[in-house]
Amino acid sequence: MHWTDVTAQSLSHKGKKHIVSTGITPSGEFHIGHLREILTGDMIARAAQDAGLDVEFVFIIDSADPLRKVYDFLGPEYEQFVGNQLGAIPAPNEDGNPDWERFEKEGWTYANHFLEPFLKALNEIGVKPRLIDNLESYRNGRFAELSKIACDRAEDIRECIERISSRELPDDWFPWSPLNSKKGLDKVKVTGYEYPLVHWKDEYGETGSSDISKGEGKLPWRIDWPAKWGWIGVTCEAFGKDHGAAGGSYSTGREIVQLLGHEPPQPLVYEWISLKGQGAMSSSAGNTIGPIEALELVPPEILRLLIAKSKPNKAIEFDTGMGLVTLADEYERLAARDFDKELANEELSRRQRVQIEDAAGALRMASTVAGEKAQATAVTFRHLALLAQTKKNDEDVWSSLQSSGAIGTVTPELQDRLNRMRHWIHSRHFPAEMKIHILEQPNLEMLRLFDEDEKKILTNMTAAIEACDWDAQSIGASIPQAARDLDLSPRSAFKVAYAALMGAEKGPRLAPILAEMEKQEILALLRACLTSITE
RNA sequence: GGGCCUGUAGCUCAGUCAGGUAGAGCGUCGGACUUUUAAUCCGAUGGUCGCGGGUUCGAACCCCGUCAGGCCCGCCA
């Protein structure tokens, strides 16, 4: 059974109605690590739906969280906002400084700024959650009731956090962070509590009262999270391993939510995604790849497959080079399989059966539209990479594929795939080994290994190329002919051609590539090869 | 210090919850086909299941210990 179905099954034992939740703090540029959070939740929800449950998927935007520091991508003017809530401060403009105009005219906030492109990507990936803005929820009083319980039972909650996380809370700790005189959550101490007011004093010497029913502040994270489970009614949540460790916020949360009068959701801890060879993703280290950037390279279903095929507790290394080719080709292979037929085989061992089911599940989750069966495009990533490099315009790519019978009509999916492919080829991610490269100098090492027959072929071929018209068809005919004239197999002629022109054992179809190049250059290379072997 | 996750074929991983002959894909090698789309098809290759003990008729799986890597215990998914 696929991991999403295992989770769905376990949810079904608990009841019919479920809310699967995810949440992210919009503190900076989103990256594909965040995509795992969202997609893990989305896929569980889909599996639960498939299992006949009544399920809703929500995405909580943690806009009530404060700005922690002036990040590298922010200008110095943000110093004044450290400690202020992300949903209540202006977004950065191109220079990284606050865009006051949009903030005042449209209410365009820091949180909006980073969230918008991510939501766009989500839409393309086929994720359509119900959005819950955390700051707005506080302001609308959604947290009021549970915040009251938390404040009333401050000592129980303190005990819970101290016991489970084995850390000592300061004497003046209180389960409510009021906004200070500068609308910040830092540098403020709670001095008293009479519902609904939490009295405070800040480091600027100001005092005031925060109404917990109006969102004039927020619950600290370890209480904020369980309170959300409570008022939203979350029954399942996927979260990163940082929250999942013993003593972490889930283990305190599951007890605190019960103090607040609700049941904890079913947890699912997932591992992180790293960029191959670069360690964990971190915006400050600059080794991130955003969902938008990833979507420019691969279609959304392949991005979904990346998450779907790995169980959540497995770390994923996202490889934007050759790994992408393997991943994309794996998708094509999966899409071409007939799982029902495979599973009908009575002789399968339990293991084989499980593997087929997992593959089928991964493909089902990869589709951007729930329930829609994936279509194989019959064109592998490799193949398309090749064609996209050798054919300058799209028409030629399609006619090549059509003449070989690989495709019929050009579907929007194919066009879309080709557009992304061209993007990838021109990006910094495109791997060197996929690049088509015609030598400039003979590869002496390979030429030295030529036997007598091969030398003769090379002589013939040079002459044939020189004589032929410079178009793909003529070139394509002259190469094998060079061997035929000697009663040798066409195969050996191609072997010679690859060695001489590309310094390789084998390679892509040569003729169309050569036709794109200058005849004189190719001839010069062949002649140089000839000279080297006759010495 | 306390805890969590991971360790299985060259690579990526299933299989561990319910113990019953070690399994996929990729790669590699071989063959077939071919005026060769790094293609496709067929076949083969490949593992002291990190290590040591225990329980059991039987352990990759359960228990104890141990090593290695990653992570958490001050809101980084």
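For the first sequence, my numbering gives the first residue as -7, with consecutive numbering after it.
Just so it is clear, CB atoms sit at the ideal spot from N, CA and C, and this is done for glycine as well.
Treat the numbers as computed from the prediction; the structure is a model and nothing was measured.
| query | result |
| --- | --- |
| Neighbour-count burial assignment, residue 509, 16 or more Cβ in a 10 Å radius | exposed |
| DSSP state of residue 101 mapped onto helix, strand, coil | strand |
| Residue 353 (DSSP reduced to helix, strand or coil) | helix |
| Closest Cα partner of residue 495 within the set 216, 150, 517 and 40 | 517 |
| Short Cβ contact (9 Å threshold) for residue 452 with residue 478 | yes |
| CB-CB length for residue 415 against residue 288, believed under 8 Å | 5 Å |
| Euclidean distance between Cα positions of residue 412 and residue 474 | 38 Å |
| Contact between the segment 218 to 231 and the segment 183 to 197 (3+ Cβ pairs under 8 Å) | no |
| Nearest residue (CA-CA) to residue 112, options 161, 243 and 292 | 292 |
| Buried/exposed call for residue 132, threshold 16 Cβ in 10 Å | exposed |
| Of the residues 313, 469 and 79, the one placed nearest residue 125, counting alpha carbons only | 79 |
| Spatially closest choice to residue 352 from 440, 328, 370 and 257, by CA coordinates | 328 |
| Neighbourhood of residue 349 by C-beta distance below 7 Å, restricted to the same chain and skipping five residues each side | -7 and -6 |
| Reference residue 161; option with closest CA among 139, 409 and 214 | 214 |
| From 373, 152, 442 and 307, residue whose alpha carbon lies closest to that of residue 268 | 307 |
| Beta strand (DSSP E) segments (min. 3 residues) lying fully within the segment 197 to 225 | 199 to 203 |
| Proximity below 9 Å, CB of residue 221 to CB of residue 229 | yes |
| Per-residue DSSP class, three states only, for residue 143 | helix |
| Cutoff 7 Å; reference residue 107; Cβ partners in own chain excluding five residues on either side | 18 and 53 |
| Inter-residue CB distance, residue 22 and residue 283 (contact presumed, cutoff 8 Å) | 6 Å |
| Contact set for residue -4: own chain, Cβ-Cβ below 8 Å, skip 5 residues either direction | 35, 36, 38, 39, 300, 353 and 357 |
| Every unbroken beta strand (DSSP E) inside the segment 274 to 313 [3 residues or more] | 308 to 310 |
| Reduced DSSP category for residue 183 - H, G, I as helix; E, B as strand; rest coil | strand |
| Close Cβ partners of residue 257 (< 6 Å) along its chain, the five nearest in sequence each way excluded | 221, 226, 227, 228 and 229 |
| The segment 332 to 346 / the segment 359 to 371 touching (three or more Cβ pairs under 8 Å) | no |
| For residue 260: DSSP bridge partner residues | 230 |
| Burial state of residue 91, where buried means 16 or more other Cβ atoms lie within 10 Å | buried |
| Reference residue 8; option with closest CA among 323, 121, 27 and 41 | 41 |
| Residue 211 vs residue 135 beta-carbon contact at 9 Å | yes |
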